[in-house]
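Trainee: Attaching a single structure in C-alpha cells format; questions to follow.
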Amino acid sequence: MTRDERLRIAVFIDFDNIEIGVKNTLNASFDAGLVLEALKERGEVVSKTAYSDWQRAGNYSRNLTQHAIKMVQRNLTPGGDKNGADINLALDALEMAFTHPHINAFVIVGGDSDFISLVEKLKQYDKKVFVVGGRQFTSVIMQRNCHEFIAYENLLAASGGSRRPAERGVRVERVPIEQAIPLVTRGLKVLADREVSPQLGLLKSTLLQLDSTFSERSYGAGSFRDFVEKLEKIGVVKLQEVKGSLLVTLVDDERADSVATGDEGEAVEATPAASANGAGPRDRDANGDNGRPRSAAPAIVGTHAEGIREFRRILATGEVRRWPMYLRNVKQLIRQVNADFDERAYGFANLVDLLRAAARENILRVDRDRQGVVRVFQGTVPLEVPPKKIFDIEDELAEEAARAAADGNVEADDASAAGAGGGSEDDDTDAAADAAAAREADEAAVDAATGADDADV
C-alpha cells in the first residue's frame, strides 16, 4: 500500500460513554492503548482527542497522557446533561474534515447513538468511519452504519495476559465458525460479480462492506488469515498462493459440475421464466437431458480452437433472445443452429468446459448466481463469424484436391467402360450389314437364275 492509499486516522473518544460501558458490561477498565494498537493495523493515527470531565476521571488522565491523547475538558450541567459536550466532539470532527483534507478516516470511540448524524455526514464527505465500542452497550444503528465496527471485547481477548488481573477474568463469547459461512460466500460472490481476484485483503474489506460488525476475532482467530484457514479446515474455502498473493475460492466452485450441474454441465435450477410461471426445477432423466439418453463420447474430430470457432459461429448465427443465458438456453441454441454439434468431439469434457474455454477468449463470461447456477453473459469480443486461418484453408484445399482426384478416377473408369461398350455395338452393326449384303447377293443370284429359266422357256 502506498502512502497515498494508507489511511490517516483521527480519533475522537467519548470517554465517559466508553469508560462506563466497559466497566459495567465487561467488568474491565478502559485502556486507550488497546484501541490505538488496533488502529495501527488499519492506518496511521495522526490525531487523538478525548472528551470528559477530567477532574472526575481519576488516574485515567495519566494513561491518556502516556499515549499523547489531547484531553478536552467538558463541564457537565447541574442536571448532568452532556449533550453540549457531544456537540463539541461532533463540531471538532467536522472542522478537522474541512481543514485537514489529508485525514481520510475518523474513529469515534463510544456507543452513543447521538453520533449517527456525524457518522453519516463524514461518509458524505468521502471519509471512512470506524466505531469502537462494546457490542452490548453500543447502539446497533452505530454498529450497522459505519464502515467498520471494532468490538472492544475482541480487543480484550486479543490482549491475552497483558491486561490487569481484573480484566483477565473477562469472558468473551466465541461465535461458531460455521455462522460465518453465509457472509463469506456472499462476499466471494460479490468479488466474482465485480470480476475481481478474491485476494485476502479484498475479501475482508468486502465482508466489512456487507457487515460492518464483522471481526475475525469474534470467531477466535487472531488474524484474518487464521480465520480463512479455519474455514479451509472445514472444507468451505480453498486458500492458495498465486504470484505472491493469497487467493480465496469456494470449494463448491471447484466441484460445481457435480453439485450444481449435471454430467454435461446442465444447470438443474429452473430459469427465471420458469420460476415466474410457477415451474420448479427441471426434471432430468438419469441417463441424459430432456428425457433423451446421452450418447457415448464421440471420436475426436477437431481441436479446441475449432470447437470454439464453431461455437462462436453458433452464437453469431443463432437467435439469442436475452442475456444472461442459462445452460438450458445455450443447449437449445446449439440444437437450433447445429444439432450435430458435440463439444466432446473437440476434446471438451462437457459444455461447461467449452464455455470456460470460450470465456478465456472473452467470447462470453461465465458466472454463478447466489444459488450456484451457471449463467452465461455476453463477452467483449464481437460475435461475428471469425475468418478462417491460412492452415485451415490449406487443409480444405487439400481435401478438395483429394476429392477431385477421386472423382477423376471414377470418370476415367466410366469412360473406359463406355468405350468398351461402344466397340461391341459397332461389331454388331457390321455383322448386321454383312448379313444384309449376303441376302442381297442371294436374291440377285435367284433373280438371275429365274431370268435364265424364262429365257430357256
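Using the working numbering, the letters of the sequence shown correspond one by one to residues 1470 to 1926.
Note that the Cβ used here is the ideal one computed from N, Cα and C, for glycine as well.
The structure displayed is predicted, hence computed values, not measured ones.
#1: Between PHE1683 and LEU1476, what straight-line distance do the alpha-carbon atoms span, to the nearest angstrom?
#2: For ILE1832, I'd like the list of residues in its chain whose CB is within less than 6 Å of its CB, leaving aside the five on either flank, ordered along the chain.
#3: Would you identify the three-state DSSP class for ASP1927, choosing helix, strand or coil?
#4: Can you give me the C-alpha to C-alpha distance between PRO1570 and LYS1592, rounded to a whole angstrom?
#5: Excluding the five sequence neighbours on either side, which residues of its own chain have a C-beta within less than 7 Å of the C-beta of LYS1596, listed in chain order?
#6: Return the chain-ordered list of same chain residues with a C-beta closer than 8 Å to the C-beta of ILE1783, the five sequence neighbours on each side being excluded.
#7: Sort ASN1496, PRO1767, ASP1822 by Cα distance to GLY1603 and report the nearest one.
#8: What does the alpha-carbon distance come out to for the pair LEU1624 and VAL1504?
#9: Is the distance from the Cβ of THR1718 to the Cβ of PRO1767 below 8 Å?
#10: Just to confirm before moving on: does the CB-CB distance between GLY1691 and ALA1627 stay below 8 Å?
#11: Look at the Cβ atom of THR1675, then the Cβ atom of VAL1659, and state whether they are nearer than 8 Å.
#12: What whole-angstrom Cβ distance do VAL1644 and SER1681 have, given they're in contact under 8 Å?
#13: Counting only runs that start and end within the stretch 1516-1547, where is the alpha helix (DSSP H) found for 4 or more residues in a row?
#14: Excluding the 5 residues preceding and the 5 following GLN1612 in the sequence, name in chain order all residues of the same chain whose CB lies nearer than 6 Å to its CB.
#15: Got a sec? Which residues, its chain only, sit under 8 Å from GLU1647 by beta carbon, not counting five neighbours each side?
#16: Where ARG1663 and GLU1830 are concerned, what is the direct C-alpha to C-alpha distance, given to the nearest angstrom?
#17: For LEU1669, which residues from the same chain have a beta carbon less than 7 Å from its beta carbon, with the 5 sequence-adjacent residues on both sides left out?
#18: Measuring from the CB of VAL1845, is there a heavy atom of the ligand GTP at a distance below 7 Å?
#19: Give the secondary structure of GLY1490 by DSSP, where H, G and I count as helix, E and B as strand, and everything else as coil.
#20: Within its chain, find whatever has a CB closer than 6 Å to the CB of ALA1526; leave out the 5 residues flanking it on each side and keep chain order.
Mentor: Taking the structure as given:
#1: Walking along the sequence shown from the start, residue 1683 turns up at place 214. Walking along the sequence shown from the start, residue 1476 turns up at place 7. If I take the Cα positions, the gap works out to 19 Å.
#2: On the sequence shown, residue 1832 is found 363 positions in, with the first residue counted as 1. Contacts found: ARG1781, GLY1848, VAL1850.
#3: The question about residue 1927 has no answer here: the residues shown for the chain are numbered 1470 through 1926.
#4: Counted from its first residue, the sequence shown places residue 1570 at position 101. Counted from its first residue, the sequence shown places residue 1592 at position 123. Each residue's alpha carbon lies about 14 Å from the other.
#5: Residue numbering aside, residue 1596 sits at position 127 when the sequence shown is read from its first letter. Same-chain partners within the cutoff: ALA1566, ASN1573, ALA1574, PHE1575.
#6: Mapped onto the sequence shown, residue 1783 falls at position 314. Here the set comprises LEU1802, ILE1803, VAL1806, ASN1807, PHE1810.
#7: Stepping through the sequence shown from its first residue, residue 1603 is reached at position 134. Of the candidates ASN1496, PRO1767, ASP1822, the one whose C-alpha sits nearest the C-alpha of GLY1603 is ASN1496.
#8: The residue given as residue 1624 occupies position 155 in the sequence shown. The residue given as residue 1504 occupies position 35 in the sequence shown. So the two alpha carbons sit approximately 7 Å from each other.
#9: For the purposes of this step, residue 1718 is identified with residue 249 of the sequence shown, where counting begins at 1. For the purposes of this step, residue 1767 is identified with residue 298 of the sequence shown, where counting begins at 1. No, they are not a contact pair.
#10: The sequence position of residue 1691 within the sequence shown is 222, counting from 1. The sequence position of residue 1627 within the sequence shown is 158, counting from 1. Yes, the Cβ-Cβ distance between GLY1691 and ALA1627 is below 8 Å.
#11: Reading the sequence shown from its first residue, position 206 is the one you call residue 1675. Reading the sequence shown from its first residue, position 190 is the one you call residue 1659. The answer is yes: Cβ separation under 8 Å.
#12: Position 175 of the sequence shown, counted from the first residue, corresponds to residue 1644. Position 212 of the sequence shown, counted from the first residue, corresponds to residue 1681. So it is not a contact: roughly 16 Å between Cβ atoms.
#13: 1529-1535
#14: Locating residue 1612 in the sequence shown gives position 143, counting from the first residue. Correct list, in chain order: PHE1618, THR1682.
#15: Residue numbering aside, residue 1647 sits at position 178 when the sequence shown is read from its first letter. Taken in chain order, the residues that qualify are ILE1703.
#16: For this step, residue 1663 is matched to residue 194 along the sequence shown. For this step, residue 1830 is matched to residue 361 along the sequence shown. C-alpha separation (whole angstroms): 18 Å.
#17: As a working note, residue 1669 is residue 200 in the sequence shown. These residues qualify, in order along the chain: PHE1693, ARG1694, VAL1697, LEU1715, VAL1717.
#18: Looking at this structure, you won't find the ligand GTP or any other ligand, since it has none at all.
#19: Residue mapping note: residue 1490 aligns to position 21 of the sequence shown, counting from 1. Looking at GLY1490 - three-state DSSP - the assignment turns out to be helix.
#20: The count along the sequence shown starts at 1 and reaches residue 1526 at position 57. Nothing listed; no residue qualifies.
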